[in-house]
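Below you'll find the structure, written out as structure tokens, and then a few comments.
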DNA sequence: CTGAATAATGAATCAGAGTTCAAATATAAT
DNA sequence: ATTATATTTGAACTCTGATTCATTATTCAG
């Protein structure tokens, strides 16, 4: 016998995040990922079926985590609609705050997966958007939100906006501090561009 | 002598938009682009240096058009800050409204170009964001906009939001009609999620 | 009509990177 | 220690698709 030493799967996954983020999925070379992970090229194929399945694995993990924290938040009834939305924003940022390359991966390589339309994360992604919509809809019904806002458009718009700001942060954390971004997004989405009691 | 027949460069460029949009830059095959354009594979290389230069060409054209309409708008002094912002939004949508594949290209393949950081469009892109900031800043100075909004964060946020909604529209124009999106974005950015005189 | 000169073709070339696998190595049981 | 079994290695293999270029077709000048 011989037992698998260390946690090669995690090493490879972490290395892949870095390399995918830096070089993009297609620019990334398996040999480079292996090198970064401290294993031989062939070892990558003991833990993953192929290059694409590494990407799948990473996105599955990411969307699952997102899904879990969203579900937890939706259940809570101690929060106002506004608080709930703001917590949703924060929970996204929390996923990435310690890992800029993961944010770059998330922002830049998502479209590979949408193109095929398969995989668990696809389901999570759709449900994720639906959950956002639901919170907005509830807020409107309870009179806490502006009824002229379309929940679906709002959710998509905000999701896109968050991605763009995450991207800027990941490329230059000093120029775009995450806490500033968190604050700015809340101000923009809650109050909009026009002065408050105009 | 022999003169170049037809408008092969345009055919190739248009074909490339379609194929890049459908298959992604890396998934797109030169032979497929040639076929779609009705020319031989080798002919592509008479009009473009290589595959990447086709993408460059398309993005240059796109960003130049964007830049031109933005500059025109910035010059106008007959518009309020709010009108100016809303015109900026519309001018983006106008660029794509007749061409969903172009929108997909714009949304999905931009990151290839950001990665290298070269090319004219890079300059346009940076200036584009600066122009957006400027309009917001002016609006705040003139008291027409909410002074708590950070102009840079706002511009990035909105740019990302527009991209996401453009993407949804391009994938399913029936489910996301462009006119609805235009209206929704204005409502969201101007008034925000909270009721108007809360 | 004839022949330069250029445009267009598409099969052949070639490079690069994902994947495989025979050999080497490490571990655990006896 | 020895052996059996599983893990790891990395050079070699393969396949795909971008790019090239010898050949063919077309146009225009004289």
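Residue numbers (the working numbering), protein chains in the order written: chain A, 23 to 220; chain B, 23 to 220. Heads up, the beta-carbon is just placed ideally off N, CA and C, and yes, glycines get one too. Every value quoted in this text rests on a predicted model; they were computed, and no experiment measured them.
Start and end of the alpha helix (DSSP H) containing residue i?
i	result
residue 197 of chain A	Careful: residue 197 of chain A lies outside any alpha helix (DSSP H) and carries neither H nor E.
residue 123 of chain B	122–130
residue 51 of chain B	Premise fails: residue 51 of chain B is in no alpha helix (DSSP H) and is neither H nor E.
residue 87 of chain B	73–97
residue 113 of chain A	103–118
residue 167 of chain A	Premise fails: residue 167 of chain A is in no alpha helix (DSSP H) and is neither H nor E.
residue 66 of chain A	66–69
Kindly list the residues whose CB is nearer than 6 Å to the CB of residue i, restricted to its own chain and excluding five residues on each side of it in sequence; keep chain order.
i	result
residue 106 of chain B	157
residue 123 of chain A	39, 40, 43
residue 173 of chain A	155, 158, 159
residue 190 of chain A	198
residue 125 of chain B	118, 188, 192
residue 109 of chain A	95
residue 176 of chain B	158
residue 82 of chain A	142, 143
residue 93 of chain B	none
residue 98 of chain B	none
residue 219 of chain A	none
What residues from chain A crowd round residue i, counting only those whose CB sits closer than 7 Å?
i	result
residue 48 of chain B	48
residue 183 of chain B	179, 180, 182, 183
residue 203 of chain B	175
Using a Cβ-Cβ cut-off of 7 Å (strictly less than) and excluding sequence neighbours within five positions of residue i, which residues of its own chain qualify?
i	result
residue 47 of chain A	77, 131, 134
residue 80 of chain A	35, 38, 39, 127
residue 63 of chain A	52, 53, 56
residue 103 of chain A	157, 160, 161, 164, 166, 167
residue 58 of chain B	37, 40, 41
residue 200 of chain A	115, 119, 191
residue 169 of chain A	162
Name the chain B residues whose beta carbon is nearer than 7 Å to that of residue i?
i	result
residue 178 of chain A	186, 187, 190
residue 137 of chain A	46
residue 206 of chain A	172, 175
residue 209 of chain A	170, 171
Could you work out which residues of chain A lie near residue i, taking near to mean beta carbons separated by less than 8 Å?
i	result
residue 212 of chain B	214, 215, 216
residue 167 of chain B	215, 216, 217
residue 130 of chain B	133
Output needed for residue i: all residues of its chain with C-beta closer than 8 Å, excluding positions within five of it in sequence on either side, in chain order.
i	result
residue 85 of chain B	142, 143, 146, 147, 150
residue 178 of chain A	151
residue 204 of chain B	111, 112, 115
residue 61 of chain B	30, 33, 34
residue 28 of chain A	none
residue 171 of chain B	158, 162
residue 72 of chain A	none
Note to self: Count Cβ pairs between the segment 203–218 of chain A and the segment 205–215 of chain B that sit closer than 8 Å; are there 3 or more?
What the structure shows: In the pairwise beta carbon analysis, the segment 203–218 of chain A is classified as touching the segment 205–215 of chain B: at least three pairs are separated by under 8 Å.
Checklist line | the segment 180–192 of chain A contacting the segment 183–191 of chain B, beta-carbon criterion three pairs below 8 Å | finding: Taking 8 Å as the limit for Cβ pairs, the verdict is that the segment 183–191 of chain B does touch the segment 180–192 of chain A.
Check: Below 8 Å, can you find three or more Cβ-Cβ pairs linking the segment 145–159 of chain A to the segment 86–95 of chain A?
Finding: Because the criterion of three Cβ pairs below 8 Å is met, the segment 145–159 of chain A and the segment 86–95 of chain A touch.
Margin query: Whether or not the segment 110–124 of chain B and the segment 63–74 of chain B are in contact is what I'm after, with contact meaning three or more pairs of Cβ atoms, one per stretch, closer than 8 Å; do they touch?
Written below: By the C-beta criterion, the segment 63–74 of chain B is judged not to be in contact with the segment 110–124 of chain B, since fewer than 3 inter-stretch pairs fall below 8 Å.
Next item on the list: Starting from the N-terminal side, write out each stretch of the alpha helix (DSSP H) that is 4 residues or longer and does not extend beyond the segment 136–181 of chain A.
Entry: Runs of the alpha helix (DSSP H) inside the segment 136–181 of chain A: 142–163.
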